[in-house]
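Undergrad: So that we are looking at the same thing, I have put the structure below in structure tokens.
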Amino acid sequence: MEGNMNLSLKVWRQSNKDTAGGFENYNLDSVSPDMSFLEMFDVLNEKLVVEGKEPIAFDHDCREGICGSCAMYINGRPHGPLKGVTTCQLHMRSFNDGDTIVVEPWRAKAFPVLKDLVVDRDAFDRIMSSGGFISVNTGNAQDANSLPVPKEAADDAFSAAACIACGACVAACKNASAMLFVSAKISQLALLPQGQAERSIRAEKMVAQMDAEGFGACTNTGACSAECPKEISMSNIARMNREYIGAKFSSTAV
Amino acid sequence: MSWFSQTLTSSIGKKLLMALTGLFLITFLVIHAGINAMIFYNDGGETFTHWGHFMGTNPIIRTLEIGLVAGFLIHIIDGFLLWKTNNDARPVNYAVNNPSANSTWYSRSMGLLGTLLLIFLVIHTAHFWIPNRSNQFATGEELNLYQMMLDIFKNIWVVLIYVAGCFSLYWHLLHGFKSAFQTLGWNHVKYNRFVSFIGTAYAIVIPLLFALMPISIYFGWVQ
């Protein structure tokens, strides 16, 4: 069809966690500019299957930018060239005919490569289970207006809760730091009345788990926020620092 | 580990130490630049020597100087520890990376700029601070720092090293000043623009003032 593109792809292939990987080159003809980036990979994989080759493993689920599964480092940037967009919502019209596109997995010690472009993001789950929750006793549901929440606090908490835990912040950060993710999760609960009971122990435990996973520290370059598909603000990291330092110096947990 | 050392060795704790010592060193630079700027009176070093004598002999200042050395050491050692943590966090680098799309080069190069500043600091203290204090310990007499400046800055290479040091300081401060406030959690809509403005102004004025000293002496504007 007219307007379709011919592309060269350089994709990271790695058979498992323990073997060394490398780049493979693929040529893909007649790519529609209306395809999403993942649909382009589907087409490539179908071609590989027909040729009797191993298809490229990559994470995906909802394909509408809300699940946080897709994770590709495209031409040196997480989720590709657009701002506030996940890989699945990136379309081939953002590229030009004849382009060479380099695709790598997230690179971090805490995110080991499992296969090709799939990385193990269980570290995020372990950080969440260390304190990223509220304890709710069972019983009758409360009246909706019994817990007043200021509009601004609700808005800020909602903006932080928009984090889909894709890990682009870690991928973009020169230190592979997870602070934007952890700060969003700490913030969304610290801002709401339901989060107050476990507020200080949450900050202490989640930061301790984040460090134990081997993520780096923050240099405040702002790369995480600039590349975040949900545009989570750096002000969350400042809030996390306040929460953590405040908790460490005032909580009774020794 | 006690809660205190646990806090200071955590990722946020290390950053807290960097921010606190960084801001402390920033206040030191104001005093340092202020007193050295007395050479611009161009009175043969009279005003400069007067204040230099006060700073070099006043017991309160001399006691605070121990804190200054500690501040430098903590900032330097903690910086290397952070560099190690951050470097270890990504054992395999990207083959293709485009970080300039999301951040400034100097914000990503604080370790490099800090190392350049450390090299400069060694050269700079070997020129003035170490010989002067050694002489004070040995004989109780201060050296003529003003005359030493006039002599040392006759050499164009020394002047160029000092100017290069000032450039490193400019970029280090341009990111470091604002970064310290963010690390301390001072991110607030009412103050962000103010902190950013002061940070940029400070990063320009202080290194410029320092750079003008060797340049002015080399060209004989200050005698």
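Taken in sequence, the protein lines are chains A and B. Numbering-wise (UniProt numbering), the first sequence opens with residue 1 and increments by one. Numbering-wise (UniProt numbering), the second sequence opens with residue 1 and increments by one. Yeah, the Cβ is synthetic: ideal placement off N, Cα and C, and Gly gets one too.
Which of the three DSSP states, helix, strand or coil, is assigned to Pro78(A)?
TA: Taken through DSSP and simplified to helix, strand or coil, Pro78(A) comes out as strand.
Undergrad: Exposed or buried, which one is Tyr41(B) when buried takes at least 16 other CB atoms within 10 Å?
TA: exposed
Undergrad: Restricting to runs no shorter than 3 residues, where is the beta strand (DSSP E) found entirely within the segment 62-143 of chain A?
TA: 100-104 and 113-115
Undergrad: When you compare the CB of Gly185(B) with every CB in chain A, is at least one pair closer than 7 Å?
TA: yes
Undergrad: For the 8 Å Cβ check, are there 3 or more pairs between the segment 195-204 of chain A and the segment 141-151 of chain A?
TA: The answer is no - the segment 141-151 of chain A does not touch the segment 195-204 of chain A, with fewer than three Cβ pairs under 8 Å.
Undergrad: Touch check for the segment 23-39 of chain B and the segment 199-216 of chain B: three-plus C-beta pairs under 8 Å?
TA: yes
Undergrad: Determine, using beta carbons only, whether Phe215(A) comes closer than 7 Å to chain B.
TA: yes
Undergrad: Quick one: what's Lys10(A) bridged to in DSSP?
TA: Asn25(A) and Val102(A)
Undergrad: Given 6 Å as the limit, tell me if Ser200(A) has its C-beta closer than that to any heavy atom belonging to the ligand NAP.
TA: Inclusion of the ligand NAP in the displayed structure is not the case, the ligand content being empty and no account of it being possible.
Undergrad: Would Val69(B) be called buried (16 or more neighbouring beta carbons within 10 Å of its own) or exposed?
TA: exposed
Undergrad: Helix or strand or just coil, what does DSSP make of Ser177(A)?
TA: strand
Undergrad: Bridge partners of Ser36(A), per DSSP?
TA: His91(A)
Undergrad: How big is the Cα-Cα spacing for Thr86(A) and Ser10(B)?
TA: CA-to-CA, the gap between Thr86(A) and Ser10(B) works out to about 31 Å.
Undergrad: With a Cβ-Cβ cutoff of 7 Å, do Val118(A) and Ala57(A) count as a contact?
TA: yes
Undergrad: Over what stretch of residues does the alpha helix (DSSP H) that includes Cys166(B) continue unbroken?
TA: Ile156 to Thr183
Undergrad: For Tyr244(A), return the contacting residues in chain B, with the cut-off set at a CB-CB distance below 7 Å.
TA: Ile12
Undergrad: Taking any Cβ of chain B, which residues in the segment 216-228 of chain A have a Cβ under 7 Å from it, in chain order?
TA: Gly216, Ala217, Cys218, Thr219, Asn220, Thr221, Gly222, Ala223, Ala226 and Glu227
Undergrad: So the alpha helix (DSSP H) Cys163(A) belongs to, where does it begin and stop?
TA: From DSSP, Cys163(A) is part of no alpha helix (DSSP H); its letter is neither H nor E.
Undergrad: Identify the residues that DSSP records as bridge partners of Val31(A): which are they?
TA: Met5(A)
Undergrad: So which of Phe177(B), Pro59(B), His127(B) and Phe197(B) has the shortest CA-CA distance to Leu29(B)?
TA: Phe177(B)
Undergrad: State the Cα-Cα distance for the pair Pro193(A) and Lys185(A), rounded to the nearest angstrom.
TA: One C-alpha to the other measures close to 15 Å.
Undergrad: Please confirm whether Ala108(A) and Arg90(B) have their CB atoms less than 7 Å apart.
TA: yes
Undergrad: CA-CA distance, Glu141(B) and Asn135(B)?
TA: 6 Å
Undergrad: Within 7 Å (strictly less), CB to CB, does Ser235(A) reach chain B?
TA: Interface residue, yes.
Undergrad: Rounded to a whole number of angstroms, what is the C-alpha to C-alpha distance between Ala228(A) and Ala71(A)?
TA: For clarity, residue 228(A) is Cys in the given sequence; the question names Ala instead. Going from the Cα of Cys228(A) to the Cα of Ala71(A) covers about 12 Å.
Undergrad: Which residues, in order along the segment 9-34 of chain B, keep a beta-carbon less than 7 Å from a beta-carbon of chain A?
TA: Ser10, Ser11, Ile12, Lys14, Lys15 and Leu16
Undergrad: To the nearest whole angstrom, what separates the beta carbons of His172(B) and Leu82(B), a pair I think is in contact under 8 Å?
TA: Actually they do not touch by this definition, with Cβ atoms about 14 Å apart.
Undergrad: Determine the contact status of Asn175(A) and Ala226(A), defining contact as a CB-CB distance below 7 Å.
TA: Not closer than 7 Å, so no.
Undergrad: Compare the C-alpha of Phe158(A) against each of Ser187(A), Val170(A) and Ala168(A) and name the closest.
TA: Ser187(A)
Undergrad: Whose Cβ in chain A lies nearer than 8 Å to the Cβ of Asn93(B)?
TA: Arg107
Undergrad: Output, in chain order, the set of chain A residues within a Cβ distance shorter than 8 Å of Ala89(B).
TA: Ala108, Lys109, Ala110, Asn175, Ala176, Ser177, Gly214, Phe215 and Gly216
Undergrad: Along the segment 73-107 of chain A, where does the CB come closer than 7 Å to a CB of chain B? Name the residues.
TA: Tyr73, Asn75, Gly76, Arg77, Val102, Glu104 and Arg107
Undergrad: With distances taken between CB atoms, is the gap from Leu150(B) to Ile74(B) smaller than 7 Å?
TA: Going by C-beta atoms, Leu150(B) is not nearer than 7 Å to Ile74(B).
Undergrad: Alpha carbon to alpha carbon, how far is Asn93(B) from Arg13(A)?
TA: The alpha-carbon atoms of Asn93(B) and Arg13(A) are separated by roughly 15 Å.
Undergrad: So does the segment 122-135 of chain A actually touch the segment 32-46 of chain A, counting three or more Cβ pairs closer than 8 Å?
TA: no
Undergrad: How would you list, in chain order, the residues of chain B whose beta-carbon sits under 8 Å from the beta-carbon of Arg239(A)?
TA: Gly185 and Asn187
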